[in-house]
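**Student:** Below: one structure in structure tokens.
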Amino acid sequence: MRKPRHRDQPLSVLDLQLEVNDADPDRPVVRVLVNGNEPFEDVVPGWRGFDPDAVLGETSPLLPVDGGRRVAVSRCSCTFGGCGVVAPLVVPSRDGRRVSWVDPRDWTDVFDEPLGTPADDDEGLPWPIPDLHFDRAQYVAEIRRASRDRSWETPRRRTARRLRERLEAASAHLLPPDLRLDSVGPGWREPGFVLTFARTDGGGDYRYELLVLTSAHDDPERASEDMAHQLLAVDPADRVQAFGRPL
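Laid out in structure tokens, this is it:
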């Protein structure tokens, strides 16, 4: 892992903005600005950020960790990270005063989310993008500020969040040991809410099961409670038949 060179490097200011598409308000993205500008626009024009639930929060992948880690901060304009990303190493300085984004690289079929699992850190294609260095206090404060802002959360997104929270609380009754809840979100083309489950075959490979739940309620609390009850009332062996959809 390449270490950043901090000496005499000017510090930049991080700004995380929430970008909502009026045509699809259920799927906002986090727009990364550095010193008030889009730092990657000249190299990858039109590329977009990730969903706020993926990139923000108490365990935001943008937060610095000892040793650093590679994080995708921008993705192909199709909004599927597997098509291409800008993924720098996010590295804290030894003195704890700075955070740097260095060695930005591109991968395909690796970063569906901000944290991927590249087999070799040097396999990605380097981007001609300069390294960026931030004051750690300002950097972390901006991530915390953006994480507290839930103004983007539509009623359907809140319903999905509350449904996931309810299902996770009941996970001991919901899932067999080889199955985990991967995602919950508003349907793309169909009404209702899409739940994706990942099933391991024991060898590290996954296959996915997709369920679609609907509710007659509009209120997020009542709708999420209703759908959780529907799912939990069905035997796990029968849930795909009752709610399943082909991937």
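According to the working numbering, the sequence shown is numbered sequentially starting from 236. Glycine included, C-beta positions come from ideal geometry on N, C-alpha and C. Quick caveat: nothing in here was measured; it's all calculated off a predicted structure.
(1) So, for ALA381: in the same chain, excluding its five sequence neighbours on each side, which residues have a beta-carbon less than 6 Å away from its beta-carbon?
(2) The alpha helix (DSSP H) that contains PHE478, what's its start and end?
(3) Can you tell me whether ALA322 is helix, strand or coil according to DSSP?
(4) Quick one: grab the DSSP three-state call for VAL255.
(5) Excluding sequence positions up to five away, which residues of its chain have a Cβ less than 7 Å from the Cβ of THR389?
(6) Are the CB atoms of GLN373 and LEU297 within a distance shorter than 8 Å?
(7) Among ALA463, VAL337 and PHE432, which one has its Cα closest to the Cα of ARG177?
(8) For the stretch 330 to 393, list the beta strand (DSSP E) runs that are entirely contained and at least 3 residues long, ordered along the chain.
(9) By Cβ distance, which residues of its chain are closer than 8 Å to LEU197, with the 5 residues on each side in sequence left out?
(10) Runs of 4 residues minimum, wholly inside the stretch 258 to 306: which ones carry the alpha helix (DSSP H) assignment?
(11) What residues in its chain sit with their C-beta under 7 Å from that of SER450, if we drop five residues either side in the sequence?
(12) Using the rule of at least 16 other Cβ atoms within 10 Å of the residue's Cβ for burial, across every protein chain shown, is VAL300 buried or exposed?
(13) Alpha carbon to alpha carbon, what distance is there between GLN244 and THR431?
(14) Taking only the alpha-carbon atoms, compute the straight-line gap between LEU482 and GLY317 and give it to the nearest angstrom.
(15) Would you be able to state if there are at least three C-beta pairs under 8 Å between the stretch 417 to 424 and the stretch 357 to 369?
(16) Between which two residues does the alpha helix (DSSP H) harbouring ARG415 extend?
(17) In three-state terms, what does DSSP make of LEU482?
(18) Among PHE478, PRO263 and ASP277, which residue has its Cα nearest to the Cα of ASP288?
(19) Taking only the alpha-carbon atoms, compute the straight-line gap between ARG474 and THR294 and give it to the nearest angstrom.
(20) Measure the C-alpha to C-alpha separation of PHE346 and ALA468 and round it to an integer number of angstroms.
(21) Taking the alpha helix (DSSP H) that ARG457 belongs to, which residues open and close that run?
(22) Checking 8 Å against the spacing of the C-beta atoms, do ASP366 and SER335 come in under that value?
(23) With a cut-off of 8 Å on the beta carbons, I'd call LEU445 and ARG399 a contact; round off their distance for me.
**Tutor:** According to the data block:
(1) Indexing the sequence shown from 1 puts residue 381 at position 146. The answer, listed in chain order, is LEU251 and LEU291.
(2) The residue you call residue 478 lines up with position 243 of the sequence shown. It spans 474 to 478 - the alpha helix (DSSP H) in which PHE478 sits, taken as one unbroken run.
(3) Position 87 of the sequence shown, counting from 1, holds the residue named residue 322. Here ALA322 sits in strand by DSSP.
(4) Numbered from its first residue, the sequence shown carries residue 255 at position 20. Note: VAL255 maps to coil in three-state DSSP.
(5) Position 154 of the sequence shown, counted from the first residue, corresponds to residue 389. Closer than 7 Å at Cβ, skipping near neighbours: PRO260 and ASP261.
(6) The sequence position of residue 297 within the sequence shown is 62, counting from 1. The sequence position of residue 373 within the sequence shown is 138, counting from 1. No. Outside cutoff.
(7) Given that the chain is displayed from residue 236 to residue 482, the structure contains no residue 177 and the question cannot be resolved.
(8) 333 to 341 and 367 to 370
(9) Lying before the first or after the last residue shown, residue 197 is absent from the chain, which here runs from 236 to 482.
(10) 287 to 290
(11) The sequence position of residue 450 within the sequence shown is 215, counting from 1. Excluding sequence neighbours, SER450 sits near ALA458, ASP461 and MET462.
(12) Here residue 300 refers to the residue found at position 65 of the sequence shown. That one is exposed.
(13) Here residue 431 refers to the residue found at position 196 of the sequence shown. Here residue 244 refers to the residue found at position 9 of the sequence shown. Distance between the alpha carbons of THR431 and GLN244: 44 Å.
(14) Walking along the sequence shown from the start, residue 482 turns up at place 247. Walking along the sequence shown from the start, residue 317 turns up at place 82. Its pLDDT being 47, under 50, LEU482 is placed unreliably in this model, and the value from its coordinates should be taken loosely. Cα-Cα distance, rounded: 17 Å.
(15) no
(16) Residue mapping note: residue 415 aligns to position 180 of the sequence shown, counting from 1. Premise fails: ARG415 lies in the beta strand (DSSP E), 414 to 421, not in any alpha helix (DSSP H).
(17) As a position in the sequence shown, residue 482 is number 247, starting the count at 1. Confidence at LEU482 is low in this model, with a pLDDT of 47, below 50, so the placement of that residue should be treated as unreliable; the coordinate-derived value is given next. The answer is coil: DSSP assigns LEU482 none of H, G, I, E or B.
(18) Position 53 of the sequence shown, counted from the first residue, corresponds to residue 288. Out of PHE478, PRO263 and ASP277, PRO263 has the C-alpha closest to the C-alpha of ASP288.
(19) Here residue 474 corresponds to residue number 239 of the sequence shown, with the count starting at 1. Here residue 294 corresponds to residue number 59 of the sequence shown, with the count starting at 1. Their Cα atoms are separated by approximately 31 Å.
(20) Locating residue 346 in the sequence shown gives position 111, where the first residue counts as 1. Locating residue 468 in the sequence shown gives position 233, where the first residue counts as 1. About 35 Å.
(21) In the sequence shown, residue 457 corresponds to position 222, counting from 1. Note, ARG457: alpha helix (DSSP H), 455 to 467.
(22) Position 131 of the sequence shown, counting from 1, holds the residue named residue 366. Position 100 of the sequence shown, counting from 1, holds the residue named residue 335. In this structure, SER335 lies closer than 8 Å to ASP366 by Cβ.
(23) Numbered from its first residue, the sequence shown carries residue 445 at position 210. Numbered from its first residue, the sequence shown carries residue 399 at position 164. Between ARG399 and LEU445 the Cβ distance is about 15 Å, and since that is not below 8 Å, they are no contact.
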